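Protein chains: 2
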Amino acid sequence: MKKNILYAQSGGVTPVINATACGVIETARANYDRIGKVYAGKDGILGILRENLIDTSKERKVNIAALRHTPGGAFGSCRYKLRSIDESKREYERLIEVFKAHDIGYFFYNGGGDSADTAYKVSQISNRMGFPVQCIGVPKTIDNDLPVTDNSPGFGSVAKYVAVSIMEASRDVESMASSSTRVFILEVMGRHAGWIAAAGGLAAREEGDPPHIILFPEVIFRQREFLKKVKHAVENYGYCSVVVSEGVRNSRGQFLAETGTRDAFGHAQLGGVAPVVAEIVRSKFGYKYHWAVADYLQRSARHVASKTDVDQGIRGWCCGCKIRSRRQKRCHAGDQAGFQQPLPMEDWRSFAGPRGEPGEKNAKKLYLGRWLWNYSRCKALPGAPDPG
Amino acid sequence: MKKNILYAQSGGVTPVINATACGVIETARANYDRIGKVYAGKDGILGILRENLIDTSKERKVNIAALRHTPGGAFGSCRYKLRSIDESKREYERLIEVFKAHDIGYFFYNGGGDSADTAYKVSQISNRMGFPVQCIGVPKTIDNDLPVTDNSPGFGSVAKYVAVSIMEASRDVESMASSSTRVFILEVMGRHAGWIAAAGGLAAREEGDPPHIILFPEVIFRQREFLKKVKHAVENYGYCSVVVSEGVRNSRGQFLAETGTRDAFGHAQLGGVAPVVAEIVRSKFGYKYHWAVADYLQRSARHVASKTDVDQGIRGWCCGCKIRSRRQKRCHAGDQAGFQQPLPMEDWRSFAGPRGEPGEKNAKKLYLGRWLWNYSRCKALPGAPDPG
Numbered sequence: 004m005k006k007n008i009l010y011a012q013s014g015g016v017t018p019v020i021n022a023t024a025c026g027v028i029e030t031a032r033a034n035y036d037r038i039g040k041v042y043a044g045k046d047g048i049l050g051i052l053r054e055n056l057i058d059t060s061k062e063r064k065v066n067i068a069a070l071r072h073t074p075g076g077a078f079g080s081c082r083y084k085l086r087s088i089d090e091s092k093r094e095y096e097r098l099i100e101v102f103k104a105h106d107i108g109y110f111f112y113n114g115g116g117d118s119a120d121t122a123y124k125v126s127q128i129s130n131r132m133g134f135p136v137q138c139i140g141v142p143k144t145i146d147n148d149l150p151v152t153d154n155s156p157g158f159g160s161v162a163k164y165v166a167v168s169i170m171e172a173s174r175d176v177e178s179m180a181s182s183s184t185r186v187f188i189l190e191v192m193g194r195h196a197g198w199i200a201a202a203g204g205l206a207a208r209e210e211g212d213p214p215h216i217i218l219f220p221e222v223i224f225r226q227r228e229f230l231k232k233v234k235h236a237v238e239n240y241g242y243c244s245v246v247v248s249e250g251v252r253n254s255r256g257q258f259l260a261e262t263g264t265r266d267a268f269g270h271a272q273l274g275g276v277a278p279v280v281a282e283i284v285r286s287k288f289g290y291k292y293h294w295a296v297a298d299y300l301q302r303s304a305r306h307v308a309s310k311t312d313v314d315q316g317i318r319g320w321c322c323g324c325k326i327r328s329r330r331q332k333r334c335h336a337g338d339q340a341g342f343q344q345p346l347p348m349e350d351w352r353s354f355a356g357p358r359g360e361p362g363e364k365n366a367k368k369l370y371l372g373r374w375l376w377n378y379s380r381c382k383a384l385p386g387a388p389d390p391g
Numbered sequence: 004m005k006k007n008i009l010y011a012q013s014g015g016v017t018p019v020i021n022a023t024a025c026g027v028i029e030t031a032r033a034n035y036d037r038i039g040k041v042y043a044g045k046d047g048i049l050g051i052l053r054e055n056l057i058d059t060s061k062e063r064k065v066n067i068a069a070l071r072h073t074p075g076g077a078f079g080s081c082r083y084k085l086r087s088i089d090e091s092k093r094e095y096e097r098l099i100e101v102f103k104a105h106d107i108g109y110f111f112y113n114g115g116g117d118s119a120d121t122a123y124k125v126s127q128i129s130n131r132m133g134f135p136v137q138c139i140g141v142p143k144t145i146d147n148d149l150p151v152t153d154n155s156p157g158f159g160s161v162a163k164y165v166a167v168s169i170m171e172a173s174r175d176v177e178s179m180a181s182s183s184t185r186v187f188i189l190e191v192m193g194r195h196a197g198w199i200a201a202a203g204g205l206a207a208r209e210e211g212d213p214p215h216i217i218l219f220p221e222v223i224f225r226q227r228e229f230l231k232k233v234k235h236a237v238e239n240y241g242y243c244s245v246v247v248s249e250g251v252r253n254s255r256g257q258f259l260a261e262t263g264t265r266d267a268f269g270h271a272q273l274g275g276v277a278p279v280v281a282e283i284v285r286s287k288f289g290y291k292y293h294w295a296v297a298d299y300l301q302r303s304a305r306h307v308a309s310k311t312d313v314d315q316g317i318r319g320w321c322c323g324c325k326i327r328s329r330r331q332k333r334c335h336a337g338d339q340a341g342f343q344q345p346l347p348m349e350d351w352r353s354f355a356g357p358r359g360e361p362g363e364k365n366a367k368k369l370y371l372g373r374w375l376w377n378y379s380r381c382k383a384l385p386g387a388p389d390p391g
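Chains as they are written, first to last, in the working numbering: chain A, 4 to 391; chain B, 4 to 391.
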């Protein structure tokens, strides 16, 4: 008998996370002889725990295709980490209950390293509970810091955004530097990994091209050295363009963003690092400066997404068809449709759990019924039921 | 005899200011029987005062066409305001000297209201000095606050950038609001005019769509009222998306950006208004927030420029051919070429003043020779020589 898929997004969104959702759903539809419905957890794993699921089989083909072009996370995501099986036992069990209630055979968890780990743990406990589910961690992160992968869907588009933005803004600064702003600082994401900041370097082709300085979270910020480089750029190229990661730290290990500004009451304010760096430059040289903090703009900028990234978001993971190329045509029949319309919001939000009642009520019913399930822990390895 | 054109950019650049440069140069080339060379002032009017001119007739057609697609100001711009004719008499005279040395019959000054005023004054003094020059103020500003115009080249693209950015970022926030960020604040330009902030409203289609709040420089910031609206949005839509103009002021007339943050020494820090607004929200409700400051990214974002804006940048002003449509084909022969390559920087920077010597040296020679010129002030009206 055909089993259903449960798909959920996790953590911060990327410009292409909806492209991945599109890939999962379209591939499942193309394989209708072996796969049932695709449910999506509303707001990620919280939606599964609350049994707040979206039945994507009720969505029109054109709307599923439009996910490729839609920023944000269409089904909602969340920051919610399941801990070890012992610590979060009831939650894991709750997941399996919901899986069982909706006849789920495959769980696609679309997130970063923690989500992959959760998917692994879910597969373990599903086996122990006698309801084996095939769990697939689908990579997604803008930071590009996932183990084992060489890059991750989401990163390529943010890299493009940062490179394009610093190139454009640097030309702006260059135009005016003789009588106006001489230093421009762009703050980008990547609190612990410098890949996004490094992507700013794609804007440069040769010595002297902007950005002249990139500040990484992995490299301790040395003020004197930094100022020397700023001066060199201004004196040699007329201006200085800087990309700084939000996660840059000083030699005491403090985030630079937390060292500089105080609110009106003198409390340290968690602000951007760009204004702090700008102030360091101003107080030393008095150069006129400007700064920008891209924040969510960079990770939601679907309008300038990388084509390679979108393609990887859709194709890179699903069914192994990247490798099994003969099956590709079948799996991705809908890929080339190229619908330009964004998905109407009301269609995203329709709840249609097979139990007939939506959301919280349903969840409570199942929650109370937890005792029905088998808590057996006899099976230790991830389950992998035959998809046939 | 054919006269030459002198073109100069002034003030902050826009995503389409180079498109205007392209329009001037291509139109002049198409009218080669009546117009000579087009010179461009390097770094705006400063380049004219210093006789640092770029001879665009040496530039390849493909490079001139590429100006349509290039952010920043290709020939450089500046912040430099000529005062009244009495106060800045020597500078005005200096301009006329340079005009005369390069046989300039037409001066295109591409900037805002001040630049249009300067162009008017230059035309007055050129008449008085017996060397009448037709002076054309070519509109350009992202703020959309030029008198007499209903909109201005530059604004449309920034409006598009802001609308696209707040739409994308709001979808991001919405995806995560149930367990993460609930308030997002995007700071945009327009210190004294709220057109850019208002453009954020283009992202909304119906009640409840983001942005939920727009803060204008023309409207005094009332904290209590603002917080009430934030709460309403979070409670009704799950999150609150805000666009704030950098120029928002409180009831005492202070810029909000200057009221909130202090540096490590307790000095008021000229920072963004977005973190100040974010702090107001956090201290009242404790909502998790994010903020972005688009700064130069918005005014250099050629990659997402408005087509209408680009077209206006090229066509809106030149030769009146917008009105005289039969001449349009001739004027804009090069318009449809659509070259995608950016202009190599070395070509932009070539100096080729007809006096043989570049830059400062040349400028000094002419500067010393100022006494050669006629200081007559007998003609009060702008000159308009026949372009035949």
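Even for Gly, the Cβ is constructed at its ideal location relative to N, Cα and C.
Given the structure is predicted, the values throughout are model-derived calculations rather than measurements.
In angstroms, rounded to a whole number, what distance separates the CA positions of residue i and residue j?
{"i": "A:P357", "j": "A:R86", "result": "Low confidence applies here, because A:P357 scores a pLDDT of 27, under 50, leaving its location unreliable and the question unanswered by this model."}
{"i": "A:A202", "j": "A:P213", "result": "12 Å"}
{"i": "A:I107", "j": "B:V167", "result": "38 Å"}
{"i": "A:K382", "j": "A:R131", "result": "Note that A:K382 has pLDDT 23, beneath the 50 cutoff, so the model's placement of it is unreliable and the number below is only indicative. A:K382 and A:R131: Cα-Cα distance of roughly 5 Å."}
{"i": "A:I139", "j": "B:I169", "result": "33 Å"}
{"i": "B:G39", "j": "B:A104", "result": "14 Å"}
{"i": "B:N154", "j": "B:N34", "result": "28 Å"}
{"i": "B:K64", "j": "B:E29", "result": "8 Å"}
{"i": "B:I216", "j": "B:V245", "result": "5 Å"}
{"i": "A:R255", "j": "A:V307", "result": "37 Å"}
{"i": "A:F224", "j": "A:I188", "result": "15 Å"}
{"i": "B:P150", "j": "B:G116", "result": "7 Å"}
{"i": "B:V237", "j": "B:G211", "result": "10 Å"}
{"i": "B:I317", "j": "B:V27", "result": "8 Å"}
Thinking C-alpha only, which one of the options is nearest residue i?
{"i": "B:C25", "options": "B:A196, B:E210, B:S244, B:A77", "result": "B:A77"}
{"i": "A:K232", "options": "A:Y83, A:F102, A:V284", "result": "A:V284"}
{"i": "B:D175", "options": "B:C243, B:N130, B:S118", "result": "B:C243"}
{"i": "A:T23", "options": "A:R63, A:F134, A:V141", "result": "A:V141"}
{"i": "A:L218", "options": "A:A206, A:A69, A:N253, A:E177", "result": "A:N253"}
{"i": "B:V136", "options": "B:G44, B:G114, B:Q127", "result": "B:Q127"}
{"i": "B:Y10", "options": "B:L49, B:F158, B:E249", "result": "B:L49"}
{"i": "A:A162", "options": "A:S309, A:G14, A:I8, A:S13", "result": "A:S309"}
{"i": "A:F111", "options": "A:S181, A:A260, A:S13, A:R305", "result": "A:S13"}
{"i": "A:E249", "options": "A:N239, A:P220, A:G241, A:E228", "result": "A:P220"}
On the DSSP bridge list, what partners appear for residue i?
{"i": "B:N66", "result": "Paired residue(s): none; B:N66 is not in a bridge."}
{"i": "A:S248", "result": "A:V191"}
{"i": "B:W294", "result": "B:I188"}
{"i": "B:A43", "result": "B:Y10, B:I57"}
{"i": "B:L218", "result": "B:V247"}
{"i": "B:F258", "result": "B:R252"}
{"i": "A:S112", "result": "Residue identity differs from the one stated: residue 112 of chain A is Tyr in this sequence, not Ser. Answer is A:A11, A:G140."}
{"i": "A:I38", "result": "A:K6"}
{"i": "B:I107", "result": "B:N7"}
Return helix, strand or coil for residue i, following the three-state DSSP convention.
{"i": "A:C81", "result": "coil"}
{"i": "A:T144", "result": "strand"}
{"i": "B:N154", "result": "coil"}
{"i": "B:F134", "result": "coil"}
{"i": "A:K368", "result": "For A:K368, the predicted structure reports a pLDDT of 29, less than 50, and the residue's modelled location is therefore unreliable. A value from the coordinates is still provided. In the structure shown, A:K368 sits in a helix (DSSP, three-state: H, G or I)."}
{"i": "A:I223", "result": "coil"}
{"i": "B:I88", "result": "coil"}
Would you call residue i buried or exposed, if buried means 16 or more other Cβ atoms sit within 10 Å of its Cβ?
{"i": "A:Q257", "result": "exposed"}
{"i": "A:E177", "result": "buried"}
{"i": "B:M3", "result": "For chain B, the structure presents residues 4 to 391; residue 3 of chain B sits outside this window and is missing."}
{"i": "A:R93", "result": "exposed"}
{"i": "B:H195", "result": "exposed"}
{"i": "B:V222", "result": "exposed"}
{"i": "B:S286", "result": "exposed"}
{"i": "B:K61", "result": "exposed"}
If the cut is a Cβ gap below 7 Å, which residues of chain D does residue i touch?
{"i": "A:P74", "result": "Absent from the structure: chain D. Protein chains present are A and B."}
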